[in-house]
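S.K.: Under this note's numbering, the first residue of the sequence shown is numbered 29, with each subsequent residue one higher. We put the beta carbon where it would ideally sit given N, CA and C, even for glycine.
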Amino acid sequence: MLDQNTNRPELPSEIARRRTFAIISHPDAGKTTLTEKFLLFGGAIQMAGQVRAKGEARRTRSDFMQMEKDRGISVSASAMSFDFAKYRYNLVDTPGHSDFSEDTYRTLTAVDAAIMVIDGAKGVESQTRKLFEVCRLRDLPILTFCNKMDRESRDTFDIIDEIQQNLAIDVTPASWPIGVGSDFLGCYDLINDRLELMDRADRNKRGESVVLNGLDDPLMEKHIPAAQLEQLREEVAMARELLPALDPQSVLEGHLSPIWFGSAINSFGVKELMEGIAAYAPQPQILRAESRQVAPEESKVTGFVFKVQANMDPKHRDRVAFVRLASGHFERGMKLLHVRSKKQMAVANPVLFLAADREVTEEAWAGDIIGIPNHGQLRIGDALTEGEALRFTGIPSFAPELLQACRAGDPLKAKHLDKALLQFAEEGAAKVFKPAFGSGFVVGVVGQLQFEVLASRIEMEYGLPVRFEPSQFTSARWVQGSQAAVDAFAAANKQHMATDSDGDPVFMTRLQWDIDRVARDYPDVKLTATKEML
Ligand code: G4P
29 MLDQNTNRPE LPSEIARRRT FAIISHPDAG KTTLTEKFLL FGGAIQMAGQ VRAKGEARRT
89 RSDFMQMEKD RGISVSASAM SFDFAKYRYN LVDTPGHSDF SEDTYRTLTA VDAAIMVIDG
149 AKGVESQTRK LFEVCRLRDL PILTFCNKMD RESRDTFDII DEIQQNLAID VTPASWPIGV
209 GSDFLGCYDL INDRLELMDR ADRNKRGESV VLNGLDDPLM EKHIPAAQLE QLREEVAMAR
269 ELLPALDPQS VLEGHLSPIW FGSAINSFGV KELMEGIAAY APQPQILRAE SRQVAPEESK
329 VTGFVFKVQA NMDPKHRDRV AFVRLASGHF ERGMKLLHVR SKKQMAVANP VLFLAADREV
389 TEEAWAGDII GIPNHGQLRI GDALTEGEAL RFTGIPSFAP ELLQACRAGD PLKAKHLDKA
449 LLQFAEEGAA KVFKPAFGSG FVVGVVGQLQ FEVLASRIEM EYGLPVRFEP SQFTSARWVQ
509 GSQAAVDAFA AANKQHMATD SDGDPVFMTR LQWDIDRVAR DYPDVKLTAT KEML
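#1: Let me check one thing: in DSSP terms, what residues is R172 bridge-paired to?
#2: For F334, tell me which candidate among F479, G422, V279 and R360 has the shortest Cα-Cα distance.
#3: Can you tell me whether G214 is helix, strand or coil according to DSSP?
#4: Evaluate M177 with the Cβ neighbour count: other Cβ atoms within 10 Å of its Cβ, from every protein chain shown; 16 or more gives buried, anything less gives exposed.
#5: If A307 and V298 are in contact, beta carbons under 8 Å, what's the gap, nearest whole angstrom?
#6: State whether the stretch 346 to 358 contacts the stretch 471 to 481, with contact taken as three or more CB pairs (one from each stretch) at a distance under 8 Å.
#7: Buried or exposed: which applies to K462, given that a residue is buried once 16 or more other Cβ atoms fall within 10 Å of its Cβ?
#8: So, with DSSP's three-state summary, where would you put A547?
#9: Would you call the CB atoms of I51 and T172 closer than 7 Å?
#10: Within 10 angstroms of the Cβ of F465, are there 16 or more other Cβ atoms? Answer buried if so, exposed if not.
#11: Which runs of the beta strand (DSSP E) fall wholly inside the stretch 498 to 534 and span at least 3 residues, in chain order?
#12: Do the stretch 312 to 323 and the stretch 413 to 422 make contact, defined as three or more Cβ pairs closer than 8 Å?
#13: How about I252: is its Cβ closer than 6 Å to a heavy atom in ligand 1?
#14: Report yes if the CB atom of L380 is closer than 7 Å to the CB atom of S109, and no otherwise.
#15: For T88, which three-state DSSP category applies?
#16: Is the stretch 149 to 156 touching the stretch 40 to 47, taking contact as three or more C-beta pairs under 8 Å?
#17: Do you know how far the Cα of G415 is from the Cα of L365?
#18: I want to check one thing, is the minimum distance from the CB of R179 to the heavy atoms of ligand 1 below 6 Å?
#19: Does W204 come out as helix, strand or coil in the three-state DSSP assignment?
#20: Go ahead and pull the three-state DSSP assignment for R164.
#21: Would you mind listing the beta strand (DSSP E) stretches within the stretch 419 to 478 that are 3+ residues and don't spill past its ends, in chain order?
#22: Could you check the C-alpha separation between D147 and V120 for me, to the nearest Å?
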């Protein structure tokens, strides 16, 4: 049998019920609040506020986390799983701050869809736009949630129009708001012909839901004042005429985004959004690999590491590699081939992230995100399989835009600094370059804030005070070409050469002129700003 939405063979039910997604938004739009409500409805937490409360408890443990709190940003991404109705939702959290875009990009390689949360008063903001562009590169289906409708917000048509113009994607309303600000009553659910009323009295309770026989159902008059009802009917008629219909295939192809209106803090619109994710976000997708594509229904387990987080628990000094399972049915204790090292790995304690807690899991399916505690063997981009030498493609490493020299505050401890920096490089938190000449390291990041985070983490996790200082270089490029060409190039440009944490050759300079010169004088080598992680 073929799946109607995807024209693919029907997936085993355990896989078909999975939805793996991320939330993209500008800071303050309501991502945390929405996540909390997802978990609340998913039964993963008993009371909204726990995610934050647990976060607080965690944060007080360290300066680094303190810094995260002070700045109101979320530095580290994590994954959460919860069930709702018959579906399993895997939510991969993305750091919201633009300085962490590389991490975010990689996170988006592990999901099948994105939920774009916008603030109804502010519309599409800068960070939303950037993240949206990343989703577009991967043709990810995008569902939109317009939040904070309990406050004064923009006209509904204006919001939809802004998204369409600004992001060049078609938008179709899945629900339609009734009134704004203090007059906001709820939404008309255009998919299910239901009237959803917001309960302002209890923020954690869903409001009343009234099943209707279309917009002309006389029951409407019982719930909505005449003037608002007339406006609703007019607007919906206009929307149906002017805006595209909700075509599931267009959503899956990333051309059309259904939009729900709601108020996360009031738990309003959240359930409809969850139902929407189940209905319109895709099942686990086919993933690209070398030398073939990997389909989720394949019986053998495969997966790839998209994030490594070290020292999640300061007491244990462990690292957790976040693995997106691409295919198969994984069972605890399974031996998997770690393709890069060609070694077998027994995965004895895989972790599933239920809300804010980590729990050892007995099994997982294609689409799930599992955490594998390890001592540094697993790196971003690594593949795990039941024997096949696969390599998942499209997990990029970007050339850093900012470079600084890193020095230990205490010269006697300089050796320990090597270890700390290499670990952060493996985690993907920074690029670390060892120049061919001179001592010390040059550290490269995408955003300035990452230097502060690194300094703070090195001090906290390794007890090493460090200084970041201006480096003589401002750009780094990977050098690619045949071994002989790269060797000849390196010999002639020694003062510019360094190696990255994988030992790959890197050309460093202050001048764009130098980069242009290489292109002109060395046709056999190529300087690149991205490297695919192996
Ligand atoms: P973020 O993760 O996207 O940065 O946003 P977050 O959920 O932290 O929400 C940002 C602010 O917006 C919070 O207020 C939150 O309570 C508020 N908020 C979220 N959803 C809604 C909504 O539907 N309506 C209204 N009116 N506000 C909403 P805060 O004052 O910054 O934090 P807090 O003191 O409430 O925790």
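M.R.: Taking the coordinates as given:
#1: The count along the sequence shown starts at 1 and reaches residue 172 at position 144. The sequence shown places Thr at residue 172, not Arg. In DSSP, T172 forms a bridge with M144 and I287.
#2: As a first step, residue 334 is located in the sequence shown; it is residue number 306 there, counting from the start. Of the candidates F479, G422, V279 and R360, the residue whose Cα lies closest to the Cα of F334 is G422.
#3: Here residue 214 is taken as the residue at index 186 of the sequence shown, counted from 1. It is a strand residue.
#4: Counting from one through the sequence shown, the residue named residue 177 turns up at place 149. With 16 or more neighbouring CB atoms inside 10 Å of its own CB, M177 falls in the buried class.
#5: For this step, residue 307 is matched to residue 279 along the sequence shown. For this step, residue 298 is matched to residue 270 along the sequence shown. Cβ atoms of A307 and V298 stay farther apart than 8 Å, at about 15 Å.
#6: The stretch 346 to 358 makes no contact with the stretch 471 to 481: fewer than 3 CB pairs, one atom from each, lie closer than 8 Å.
#7: Counted from its first residue, the sequence shown places residue 462 at position 434. Buried, by the Cβ-count rule.
#8: Here residue 547 corresponds to residue number 519 of the sequence shown, with the count starting at 1. DSSP places A547 in helix when its eight states are reduced to three.
#9: Translated into positions along the sequence shown, residue 51 becomes position 23. Translated into positions along the sequence shown, residue 172 becomes position 144. If you check the CB distance, I51 and T172 do not come in under 7 Å.
#10: As a first step, residue 465 must be located in the sequence shown, where it is residue number 437. Counting every other CB atom within 10 Å of its CB across the protein chains shown gives F465 a total below 16, marking it as exposed.
#11: Counting only runs of 3 or more, we get 503 to 508 and 525 to 527.
#12: Touching, yes, given that three or more Cβ pairs across the two stretches are closer than 8 Å.
#13: As a working mapping, residue 252 is identified with position 224 in the sequence shown. Checking the Cβ of I252 against ligand 1 gives no.
#14: Working through the sequence shown from its first residue, we reach residue 380 at position 352. Working through the sequence shown from its first residue, we reach residue 109 at position 81. Against a cut-off of 7 Å, the Cβ pair of S109 and L380 comes out as a contact.
#15: Along the sequence shown, read from residue 1 onward, the residue named residue 88 stands at position 60. Its pLDDT being 31, under 50, T88 is placed unreliably by the model, and the measurement read from it follows with that caveat. Here T88 sits in coil by DSSP.
#16: Contact check between the stretch 149 to 156 and the stretch 40 to 47: fewer than three CB pairs, one atom from each, fall below 8 Å, which does not count as touching.
#17: Counting from 1 along the sequence shown, the entry for residue 365 is found at position 337. Counting from 1 along the sequence shown, the entry for residue 415 is found at position 387. Between the C-alpha atoms of L365 and G415 there is a straight-line separation of about 5 Å.
#18: Reading the sequence shown from its first residue, position 151 is the one you call residue 179. Yes, the Cβ of R179 comes within 6 Å of a heavy atom of ligand 1.
#19: Start at 1 with the first residue of the sequence shown, and residue 204 comes out as number 176. In the structure shown, W204 sits in a strand (DSSP, three-state: E or B).
#20: By one-based count along the sequence shown, residue 164 stands at place 136. Note: R164 maps to helix in three-state DSSP.
#21: If we require 3 residues or more, the beta strand (DSSP E) runs fully inside the stretch 419 to 478 come out as 424 to 426, 430 to 436, 459 to 463 and 469 to 473.
#22: The count along the sequence shown starts at 1 and reaches residue 147 at position 119. The count along the sequence shown starts at 1 and reaches residue 120 at position 92. When the Cα atoms are used, D147 and V120 turn out to be separated by approximately 21 Å.
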